[in-house]
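Chains as they are written, first to last, in our numbering: chain P, 980 to 1056; chain U, 118 to 283; chain Z, 20 to 405. Using N, Cα and C, we set each Cβ at its ideal position, and we do this for glycine too.
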């Protein structure tokens, strides 16, 4: 594994460790997420279409990666 | 790694203590009182429901698990209304239009209260949507449920039956 | 034979995005999508369907399957330009690529584990990809952290002759943070490593030549690529909910790799629901990159370097894409929760700064005009949630 991927793993582990730190008072309450739950605020509203257009660009360009989107949303359960 | 995590932890903890925090909602404590406008047009106050076992369900039309839970709560309401159990739905949306629309398609027979400025949500420290609080006949908080997953209604039923027997 | 894009790791990456998206504490919704996609530009037409079906089993497991197909028709210059690319070619070629993907998501509390497999086949390129990601909600569900690994195994053929393997390894790290009731931030970082036969077996480079038998003043030889490539990409995305019902979207990505390519991508978008059941959106995408350090449109002589490429994906260029989409939520039958019909149109223009258009044969080697690609991408799809 290269140095960079090692750093990535450390960063991920660090984030998880931080979460075990101490509960931060969330500044957006679960009942205040009405806008965040809407489709227009989703990172992946139409996954089939997004994935296709990403592929159109990636197959014609030198750059690849870091296009992902996970998170946001209603935060239910 | 330790050099980064420890100072960060310290910062995070300081921020947490500095952040305003309310006394957590404890089981066994008296349920905070409130009065809210309801979908019948008349205000409903929690104080009026003393003597009943009350199930307060905080929900929103934008919340998938909340919508899934509603028909189940409706069933529960029909079954146990006669046995002294009152169901109250507290809608947490600042704009009531979406909730009203959804209720037209999926009507329920228990009162829906509108907590448009989130006062009651804050009072009950709603953490996670949906949120169900079960109160006994004396108005004390007995059970708190965060979130909803299939089968949770069996827990509600067990707890309600236990409260009925008291 | 084919001048179609060779780097199928990209197809896998896009399929990954299709299958592995969710906020960590909630499984993705059950849905089915049928997309018809069409790309026309640079002498190539690529069309086909993409079908997605996703279903929960119980409360903790979600399975998704995607079938994707490309029907490729290309028009080729008979001397050495396959739609401007340099290959040895017939005048028209047809090709078909088929891809199957399967993924499983497992939800435990605030953590989602996801794993899947992608299989892509065309006559001269077989690609297999496996991936695993884990994502977790924390800090009052305002933060989602995700980590993923991807492994790929590709086999490259020259028609039916096996040419070599290309292996891929990617690591992904993502963070999304709710900043306010109306503002969402996404950060992503990805390292990609490839090793093996990384070039196209048909593509050629050209070099200046005084040889009188060469009609156009240049000769050709096969391209030669390094056997490894490592790239790093980092991106930041902001989504902002406007007063009312609309939202703004902006993102920036920086990419750099061991081949010397540096690329910037900027995207801006706006989405606005109108009436009761319509959603309109528009977006702009700006992209620019510098060329790979072994790239040249015209080498000074044969065997000028150990590594040589004339692949326009590795050239210096600027690109602008303008796109718009419309979505209509139509009345749904009782067995569905909702459904929609959607159309999207994108116009893509790439201005190459060091890649020349070889269809101009009379102006002398190196004097051909710089190539400009104009392409139209059209999508129509139906989505149903159940």
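- Cβ proximity to chain P below 9 Å picks out 209, 210, 211, 212, 215 from the stretch 198-215 of chain U.
- As the crow flies, the alpha-carbon of residue 61 of chain Z is around 50 Å from that of residue 185 of chain U.
- Those residues of the stretch 257-277 of chain U placed with their C-beta closer than 7 Å to a C-beta in chain Z are 266, 267, ordered along the chain.
- Close partners of residue 71 of chain Z in chain P (Cβ separation under 8 Å): 1026, 1027.
- Taking C-alpha positions only, residue 212 of chain U is separated from residue 233 of chain U by approximately 7 Å.
- The alpha carbon of residue 350 of chain Z has as its nearest neighbour, out of Z/295, Z/146, Z/216, the alpha carbon of Z/295.
- Secondary-structure assignment with DSSP links residue 324 of chain Z through no beta bridge to anything.
- Under a criterion of Cβ atoms nearer than 8 Å, the residues of chain P adjacent to residue 182 of chain U are, in order, 1055, 1056.
- Taking C-beta separations shorter than 6 Å and ignoring five residues to either side along the sequence, the partners of residue 285 of chain Z in its chain run 271, 305, following chain order.
- In the three-state reduction of the DSSP assignment, residue 1018 of chain P falls in the helix class.
- Close CB contacts of residue 1029 of chain P within its chain, under the 7 Å cut and outside five residues either way in sequence, are with 1023 (chain order).
- Counting along the chain, residue 358 of chain Z sits inside the beta strand (DSSP E) bounded by residues 357-375.
- Inter-residue distance for residue 315 of chain Z and residue 47 of chain Z is about 46 Å (C-alpha atoms, whole angstroms).
- Contacts with chain Z at 8 Å (Cβ-Cβ) include residue 1031 of chain P.
- Residue 78 of chain Z belongs to the set of residues whose beta carbon lies under 8 Å from a beta carbon in chain U.
- CA-to-CA, the gap between residue 237 of chain Z and residue 225 of chain Z works out to about 6 Å.
- Against residue 1018 of chain P, chain U offers no close residue; the least beta-carbon distance is about 10 Å (beta-carbon pairs closer than 9 Å).
- Boundaries of the beta strand (DSSP E) harbouring residue 72 of chain Z: 63-76, taken from the DSSP string.
- Within its own chain, the residues whose Cβ lies closer than 8 Å to the Cβ of residue 371 of chain Z, once the five positions on either side in sequence are excluded, are 331, 334, 335, 336, 389, 390, 391, 392, listed in chain order.
- Taking the Cα of residue 199 of chain U as reference, the smallest distance to any Cα among U/176, U/268, U/178, U/171 is reached at U/171.
- Listed in chain order, the alpha helix (DSSP H) runs fully inside the stretch 380-405 of chain Z amount to none, counting runs of at least 4 residues.
- Assignment of residue 247 of chain U by DSSP, reduced to helix, strand and coil, places it in the coil class.
- Residue-level contact by beta carbon holds for residue 1013 of chain P and chain U, with a gap shorter than 8 Å.
- For residue 117 of chain Z, the enclosing beta strand (DSSP E) starts and ends at 111-127.
- The beta-carbon of residue 43 of chain Z is placed less than 8 Å from the nearest beta-carbon of chain P.
- DSSP places residue 246 of chain Z outside both helix and strand once states are collapsed to three, so it counts as coil.
- Three or more beta-carbon pairs separated by less than 8 Å are not found between the stretch 356-370 of chain Z and the stretch 378-387 of chain Z, which leaves the two stretches without contact.
- At a cut-off of 8 Å between beta-carbon atoms, residue 258 of chain Z makes contact with chain P.
- Pairing residue 137 of chain Z with residue 113 of chain Z gives a Cβ-Cβ distance that is not under 8 Å.
- Residue 155 of chain U has a beta carbon lying at 8 Å or more from every beta carbon in chain P.
- By alpha-carbon distance to residue 167 of chain Z, the top candidate from Z/202, Z/216, Z/135, Z/174 is Z/135.
- By the CB criterion at 8 Å, residue 152 of chain U and residue 162 of chain U fall inside the cutoff.
- The C-alpha of residue 274 of chain Z is placed about 7 Å away from the C-alpha of residue 253 of chain Z.
- By the CB criterion at 8 Å, residue 210 of chain U and residue 238 of chain U fall outside the cutoff.
- DSSP, reduced to helix, strand and coil, places residue 278 of chain U within a helical segment of the structure shown.
- Residue state for residue 1029 of chain P is assigned as helix, using DSSP reduced to three classes.
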